[in-house]
Amino acid sequence: MRHIQADPPAFFHRGPSPLARLAFFGLISIALLFLDTRYRYLENIRHVAGIVLYPVQRAAQVPGEAIGWVASYFVSQRALADEIAALRRQLVEQGAAVQAFPATQQENARLKALLDIRGHFDAAATVVEVLYTGRDAFTQKVFVDRGSDAGLIAGEAVIDAEGVVGQVTRVFPYMAEVTLITDKDQAVPVRVERSGVRSVLFGAGAGRAPELRFMAPNADIQIGDRLVTSGIDGTFPQGLVVAQVATLERDPGQMFARISARPVAGVDRSRHLLVLRQTAAMPPRPEEPTETEAVKKPGRGKGRRG
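Positions in the sequence shown are counted from 1; adding 31 to them yields our numbering.
Below is the structure:
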């Protein structure tokens, strides 16, 4: 009698079980996440991906622009005629006010203010334009149209015409990532302009106001006080406006007061920003002592002769 083989033919051999594969690849994923978080081993891969995907990102905006152009092209002639007639009447009524488009005037004013601020830092700054905001709903980041090609490096301060916006956190060849001061991982050393009290402003995430933490309940601070950069971190120049105190709760039973602030800069609306180079943020280095001053030491008094 011929026995039937219990083992399946090689054609049906499945290898390790699905559960073993899941465990194997899960361990590899956890290891890669740990190594990347701890030692930043995958930073070069992100750098290459930024170079490769930059044309794709720019090309992804083309369909939306094309759809908008096609939609505007097929607008009815009647609607266009009515709009033109209304614009002509408005032009006659308002004259010069219509010719100077208000939005353009506002944009020009913001750019002029930004250039004036740039002059205060001996031109050690770069004007950038916001391309788009980050896609992660749990972070507060924007991407600008300048990168390592313009000399930007991670850690540089970013401001607008009104105050501090954030900090450059990642740089690609043709664009850069800016983390806003409202992001939960961002902190800015500040001082109260009125009283000089120093503290640190921490971002609280999307939809929440930044907070001044670890402030004593009896600290000299009031609602409406302006917070400016203290300059002790070497990143943000001293005296830049950051926020204004919005709420203040003092509870003697608590160790710290609850203080929230409202950003002064247009963190969610500014289109043009200014990146301050680190040479503009750092104070000048003190002069080195001369050779004679370094060698010269106070002499010792001579002892009395017996």
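The beta-carbon is built from N, C-alpha and C at its ideal position, and this holds for glycine as well.
Being a predicted model, the structure only gives us computed values, none of them experimental.
Handout entry: Best match in GLY262, VAL223 and THR260 for proximity to VAL276 [C-alpha to C-alpha]
Key = Looking at GLY262, VAL223 and THR260, the one whose alpha-carbon comes closest to that of VAL276 is VAL223.
Practice task
State the CB to CB distance for the pair GLY81 and PRO204, rounded to an integer number of angstroms; the pair is presumed to be in contact (CB under 8 angstroms).
Solution key: So it is a contact: roughly 7 angstroms between Cβ atoms.
Exercise for the section: Indicate whether VAL195 and ALA296 have their beta-carbon atoms separated by less than 8 angstroms. Expected result: Taking 8 angstroms as the cut-off, the Cβ atoms of VAL195 and ALA296 count as close.
Practice task
Sort THR210, VAL259 and ARG229 by Cα distance to ALA235 and report the nearest one.
Solution key: Taking only the C-alpha atoms, the option nearest ALA235 is THR210.
Practice task
Could you please give the first and the last residue of the uninterrupted beta strand (DSSP E) stretch that includes ARG257?
Solution key: That run of the beta strand (DSSP E) goes 257 to 260.
Practice task
State whether the segment 268 to 284 contacts the segment 242 to 256, with contact taken as three or more CB pairs (one from each stretch) at a distance under 8 angstroms.
Solution key: With a cut-off of 8 angstroms, the segment 242 to 256 and the segment 268 to 284 count as touching, because enough Cβ pairs lie within range.
Practice task
Return yes when the Cβ of GLU208 is within less than 8 angstroms of the Cβ of PHE233, no when it is not.
Solution key: Not closer than 8 angstroms, so no.
Handout entry: Burial state of VAL189, where buried means 16 or more other Cβ atoms lie within 10 Å
Key = By the neighbour-count rule (16 or more Cβ atoms within 10 Å), VAL189 is buried.
Practice task
Return helix, strand or coil for ALA312, following the three-state DSSP convention.
Solution key: In this prediction, ALA312 has a pLDDT of 48, which is less than 50 and means its spatial position is unreliable; nothing more can be read from the coordinates.
Practice task
Going by CA-CA distance only, name the one from ILE290, ARG52, GLY197 and ILE252 that's closest to ASP299.
Solution key: Comparing alpha carbon positions, the residue from ILE290, ARG52, GLY197 and ILE252 closest to ASP299 is GLY197.
Practice task
May I ask which residues mark the beginning and end of the alpha helix (DSSP H) holding ARG69?
Solution key: Element bounds for ARG69: 49 to 70.
Practice task
May I ask you to list the residues that DSSP assigns as paired with PHE174?
Solution key: Bridge partners of PHE174: TYR163 and GLU208.
Exercise for the section: Please list, in chain order, all residues of the same chain as LEU162 whose beta carbon is under 6 angstroms from its beta carbon, the five residues on each side excluded. Expected result: Closer than 6 angstroms at Cβ, skipping near neighbours: PHE174 and ASP176.
Handout entry: Coil, strand or helix - GLN92 by DSSP
Key = It is helical.
Problem - Identity of the residue in ASP256, PRO248, SER301 and ARG257 nearest GLY284 by Cα - result: GLY284 has its Cα closest to that of PRO248, out of ASP256, PRO248, SER301 and ARG257.
Handout entry: For ALA156, the three-state DSSP class (helix, strand or coil)
Key = Residue state, collapsed to three classes: strand.
Exercise for the section: For the beta strand (DSSP E) holding ILE290, just list the boundary residues, first then last. Expected result: For ILE290, the uninterrupted beta strand (DSSP E) run begins and ends at 289 to 294, by DSSP.
Exercise for the section: Given a cut-off of 8 angstroms, decide if GLY178 and VAL202 are closer than it, judged by their beta-carbon atoms. Expected result: Closer than 8 angstroms, so yes.
Handout entry: Reference GLY186, options LEU50, GLN309 and HIS303, closest by Cα
Key = In terms of Cα proximity to GLY186, the closest of LEU50, GLN309 and HIS303 is GLN309.
Exercise for the section: Excluding the 5 residues preceding and the 5 following PHE55 in the sequence, name in chain order all residues of the same chain whose CB lies nearer than 8 angstroms to its CB. Expected result: Scanning its chain for C-beta atoms nearer than 8 angstroms, with the 5 sequence neighbours on each side dropped, one finds around PHE55 the residues PRO47, in chain order.
Problem - Rounded C-alpha distance that separates VAL306 from VAL158 - result: Their Cα atoms are separated by approximately 6 angstroms.
Exercise for the section: Quick one: give me the first and last residue of the beta strand (DSSP E) that GLN275 is part of. Expected result: First-last of the beta strand (DSSP E) with GLN275: 272 to 280.
Problem - Own chain residues within Cβ distance below 7 angstroms of GLN269, not counting five before or after - result: Answer for GLN269: THR260, SER261 and GLY262, listed in chain order.
Exercise for the section: Ignore the nearest five residues each way along the sequence and tell me which others in LYS172's own chain have a CB closer than 6 angstroms to its CB. Expected result: Within its own chain, the residues whose Cβ lies closer than 6 angstroms to the Cβ of LYS172, once the five positions on either side in sequence are excluded, are GLY165, GLU208 and THR210, listed in chain order.
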